[in-house]
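Visitor: Just dropping this structure here.
In this note's numbering, the protein residues as written are 1 to 494.
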């Protein structure tokens, strides 16, 4: 009986424990669910008094879309990242440029983690249209336009269809990258492209028809109002500040790309006129160094000119190692021609060619050379730098010859101030060698071996001496002077 009562008490205890757990569990589950819901619910941006201002980084694209624009964009996006910018604004005004350069910028913008706005500050044509479409939002100045992205060569003639096909696909995929937006049409919800890929393709190919926009004979170029109506612009504004207000960014701190002292210095040093001066320093310094004995100031000028010429180009990323090596190889060949081989021949011609080519290719962005055979760029990309180098070198050589004749061999007053011209006339007692010293027939002792030259001691004074007929005479021997010529006593052993 006791066992039965014990068992009943145990069962009642277990039942009460189960009911207690059942009463507590729903509350815990609800609390956990609420926590998860709070954690996963989207957070709305609210304006809080005293919150930090948003940082807006602004940089310009106001040039042809070339590799230099790619370097500028990469530098600015990196700086925006480093400084913690919340938004990036591109102030754009360009008529286009190279396709692969535009593709590089497009890729950077599509992969950039922060919102990017493009302010079309007049024109976003051709490659500029591709870059603008890659940004998250586009705003346009009144009177601005975007489009006309047909690929053309340097003369404006459309390129073959393989180029157009590639550009069409890039424009289409860039527009599609911004996805679709839900549009409510009565009771129905329709998802439409934020930027219609068909319009993007029509900016390249005139055969693509966009109903209600343009017929099949024109390449699409949108005005500011048309871009808003067709979803290619978020609004028409007159400045970056108006853009930010239209985008709902009120409390912000605007800053952007400002060339520092190094950028300004590099820009000055890479100016074509300044580069021509450096080339003249190099050529003139080398010329005057060859005209004067030893190593002196002209060589310092030449080295300084070379450093100032090549260093900024290397820092700007325009010059490769092989271009500097070509220049140095040219100088070595010229030196070999002058000091080793007689006359002027193959080494000299090769040296001059290599030197000029090294100087010229250093200021050529060699990544552009591949566009010359296709016709996208003209041969002037190469001709202009070579013309600059040849003209500067020619002027430097002519000036060096004229200055050399005037100051090294002439009789100008300035020559006496910059060139050692002291004279030692014979009328003042200066002679090239000693006169007859009355030592012939005198005897002395060799203070060094004469093999055949050495020194002798005569009456307590030392003289330069040599054995007569190149005879060798040992040290400490008695000798007699038989000749006194050219400041040397010729002796014969007694």
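Idealized CB from N, CA, C, for every residue including glycine.
In this text, all values refer to a predicted model and were calculated from it rather than measured experimentally.
#1: For the beta strand (DSSP E) containing residue 484, name the first residue and the last one.
#2: Taking 9 Å as the CB-CB limit, is residue 455 close to chain C?
#3: Have a look at 463, 451, 450 and 455 and flag the residue whose alpha-carbon is nearest the alpha-carbon of residue 437.
#4: Determine the closest residue to residue 283 out of 327, 258 and 263, with distance taken between C-alpha atoms.
#5: Can you have a look at residue 150 and say buried or exposed, based on whether 16 or more other CB atoms are within 10 angstroms of its CB?
#6: By DSSP, does residue 52 sit in helix, in strand, or in coil?
#7: Which residues share a DSSP beta bridge with residue 91?
#8: Compute the Euclidean distance between the alpha carbons of residue 108 and residue 356, then round it to the nearest angstrom.
#9: Since residue 192 sits in a beta bridge, which residues does DSSP pair it with?
#10: Within 10 Å of its beta-carbon, does residue 297 have 16 or more other beta-carbons around it, so buried, or fewer, so exposed?
#11: Express the C-alpha separation of residue 324 and residue 281 in angstroms, rounding to a whole number.
#12: Tell me where the beta strand (DSSP E) around residue 167 begins and ends.
#13: Assuming contact is defined by CB atoms lying nearer than 9 Å, are residue 118 and residue 87 in contact in what I supplied?
#14: So, does the stretch 179 to 199 touch the stretch 119 to 130, judging by three or more C-beta pairs under 8 Å?
#15: Is it right to say residue 472 is buried, meaning 16 or more other beta carbons lie within 10 angstroms of its own, or is it exposed?
#16: Run through DSSP, which three-state label would residue 370 get?
#17: Tell me, which residues are paired with residue 491 by DSSP?
#18: Just to confirm before moving on: does the CB-CB distance between residue 128 and residue 65 stay below 9 Å?
#19: Starting from the C-beta of residue 91, find all residues in its chain whose C-beta is less than 8 Å away, skip the five residues before and the five after it, and write them out in chain order.
#20: Inspect the beta-carbon positions of residue 287 and residue 401 and report whether they are closer than 9 Å.
#21: When DSSP labels each residue in this structure, what does residue 71 get in the three-state scheme?
#22: Restricting to Cα atoms, I'd like to know which of 102, 134 and 188 is closest to residue 116.
#23: If you run the structure through DSSP and keep just helix, strand and coil, what is residue 340?
#24: Under 8 Å Cβ to Cβ from residue 2, same chain only, skipping five residues before and after it: list those, please.
#25: Any contact of the stretch 306 to 318 with the stretch 265 to 274, i.e. 3+ C-beta pairs under 8 Å?
#26: DSSP puts residue 156 in a beta bridge; with which residues?
#27: Give the range of the alpha helix (DSSP H) segment to which residue 65 is assigned.
#28: Once you ignore the five residues that flank residue 202 on each side, which residues in its own chain have a CB closer than 8 Å to its CB?
#29: Give the range of the beta strand (DSSP E) segment to which residue 83 is assigned.
#30: Distance check for residue 174 and residue 388, CA to CA, integer angstroms please.
#31: Quick one: residues in its chain with C-beta nearer than 7 Å to the C-beta of residue 270, no 5 flanking neighbours on either side, listed in chain order?
#32: Beta strand (DSSP E) containing residue 137: first to last residue?
#33: When the distance is taken between beta carbons, is residue 457 closer than 9 Å to residue 489?
#34: Looking only at C-alpha atoms, which of 372, 319, 370 and 331 sits nearest to residue 361?
#35: Smallest Cα separation from residue 493: which of 170, 487, 443 and 484?
#36: What do you reckon, is the C-beta of residue 478 under 8 Å from a heavy atom of the ligand GTP?
Guide: Concretely, from the data shown:
#1: Stepping through the chain shown from its first residue, residue 484 is reached at position 484. Where residue 484 is concerned, the enclosing beta strand (DSSP E) stretches over 478 to 485.
#2: No chain C is part of this structure, which consists of one protein chain only.
#3: Residue mapping note: residue 437 aligns to position 437 of the chain shown, counting from 1. For the set 463, 451, 450 and 455, the Cα lying nearest the Cα of residue 437 is the one of 463.
#4: Working through the chain shown from its first residue, we reach residue 283 at position 283. With distances taken between Cα atoms, residue 283 lies closest to 327.
#5: As a working mapping, residue 150 is identified with position 150 in the chain shown. By the 10 Å Cβ count, residue 150 comes out buried.
#6: Taking the first residue of the chain shown as position 1, residue 52 is located at position 52. The answer is coil: DSSP assigns residue 52 none of H, G, I, E or B.
#7: Taking the first residue of the chain shown as position 1, residue 91 is located at position 91. Its beta-bridge partners are 60 and 119.
#8: Start at 1 with the first residue of the chain shown, and residue 108 comes out as number 108. Start at 1 with the first residue of the chain shown, and residue 356 comes out as number 356. Linking residue 108 to residue 356 through their CA atoms gives a straight-line distance of about 37 Å.
#9: As a working mapping, residue 192 is identified with position 192 in the chain shown. Bridge partners of residue 192: 181.
#10: If you number the chain shown from 1, residue 297 lands on position 297. Residue 297 is exposed by the Cβ-count criterion.
#11: In the chain shown, residue 281 corresponds to position 281, counting from 1. In the chain shown, residue 324 corresponds to position 324, counting from 1. Near 17 Å, if we compare the C-alpha coordinates of residue 324 and residue 281.
#12: By 1-based counting over the chain shown, the position of residue 167 is 167. From DSSP, residue 167 is part of no beta strand (DSSP E) but of the alpha helix (DSSP H) over 161 to 176.
#13: On the chain shown, residue 118 is found 118 positions in, with the first residue counted as 1. On the chain shown, residue 87 is found 87 positions in, with the first residue counted as 1. No, they are not a contact pair.
#14: no
#15: Position 472 of the chain shown holds residue 472. Counting Cβ neighbours within 10 Å, residue 472 comes out exposed, since fewer than 16 surround it.
#16: Mapped onto the chain shown, residue 370 falls at position 370. In the structure shown, residue 370 sits in a helix (DSSP, three-state: H, G or I).
#17: Along the chain shown, read from residue 1 onward, the residue named residue 491 stands at position 491. Residue 491 pairs with 467 and 481.
#18: The residue labelled residue 128 in the question sits at position 128 within the chain shown. The residue labelled residue 65 in the question sits at position 65 within the chain shown. It is a contact, given that the beta carbons lie within the stated cut-off.
#19: As a first step, residue 91 is located in the chain shown; it is residue number 91 there, counting from the start. Excluding positions up to five away in sequence, the list reads 58, 59, 60, 61, 62, 119, 121 and 240.
#20: Within the chain shown, the letter at position 287 stands for residue 287. Within the chain shown, the letter at position 401 stands for residue 401. Going by C-beta atoms, residue 287 is nearer than 9 Å to residue 401.
#21: Sequence index remark: in the chain shown, residue 71 carries index 71 (1-based). Here residue 71 sits in helix by DSSP.
#22: Looking up residue 116 in the chain shown gives position 116. The residue among 102, 134 and 188 with its C-alpha nearest the C-alpha of residue 116 is 134.
#23: In the chain shown, the residue the question calls residue 340 occupies position 340. Of the three classes helix, strand and coil, the one that applies to residue 340 here is coil, per DSSP.
#24: One-based indexing of the chain shown puts residue 2 at position 2. With a pLDDT of 43 at residue 2, under the threshold of 50, the modelled position of this residue cannot be trusted; read the value that follows with caution. Around residue 2: no qualifying Cβ.
#25: Short answer: they touch.
#26: If you number the chain shown from 1, residue 156 lands on position 156. Residue 156 pairs with nothing; no bridge assigned.
#27: The sequence position of residue 65 within the chain shown is 65, counting from 1. Per DSSP, residue 65 lies in no alpha helix (DSSP H) and is assigned neither H nor E.
#28: The count along the chain shown starts at 1 and reaches residue 202 at position 202. 208, 209, 210, 213, 214, 219 and 220.
#29: If you number the chain shown from 1, residue 83 lands on position 83. From DSSP, residue 83 is part of no beta strand (DSSP E); its letter is neither H nor E.
#30: Along the chain shown, read from residue 1 onward, the residue named residue 388 stands at position 388. Along the chain shown, read from residue 1 onward, the residue named residue 174 stands at position 174. Distance between the alpha carbons of residue 388 and residue 174 is about 41 Å.
#31: Position 270 of the chain shown, counted from the start, is the residue given in the question as residue 270. Here the set comprises 312, 313 and 316.
#32: Here residue 137 refers to the residue found at position 137 of the chain shown. Here the beta strand (DSSP E) through residue 137 covers 137 to 140.
#33: Counting from 1 along the chain shown, the entry for residue 489 is found at position 489. Counting from 1 along the chain shown, the entry for residue 457 is found at position 457. Against a cut-off of 9 Å, the Cβ pair of residue 457 and residue 489 comes out as no contact.
#34: Against the chain shown, residue 361 aligns to sequence position 361. Per the Cα distances, 319.
#35: Within the chain shown, numbered from 1, the residue matching residue 493 stands at position 493. It is 443 whose Cα lies nearest to the Cα of residue 493.
#36: This structure simply doesn't include the ligand GTP, nor any ligand for that matter.
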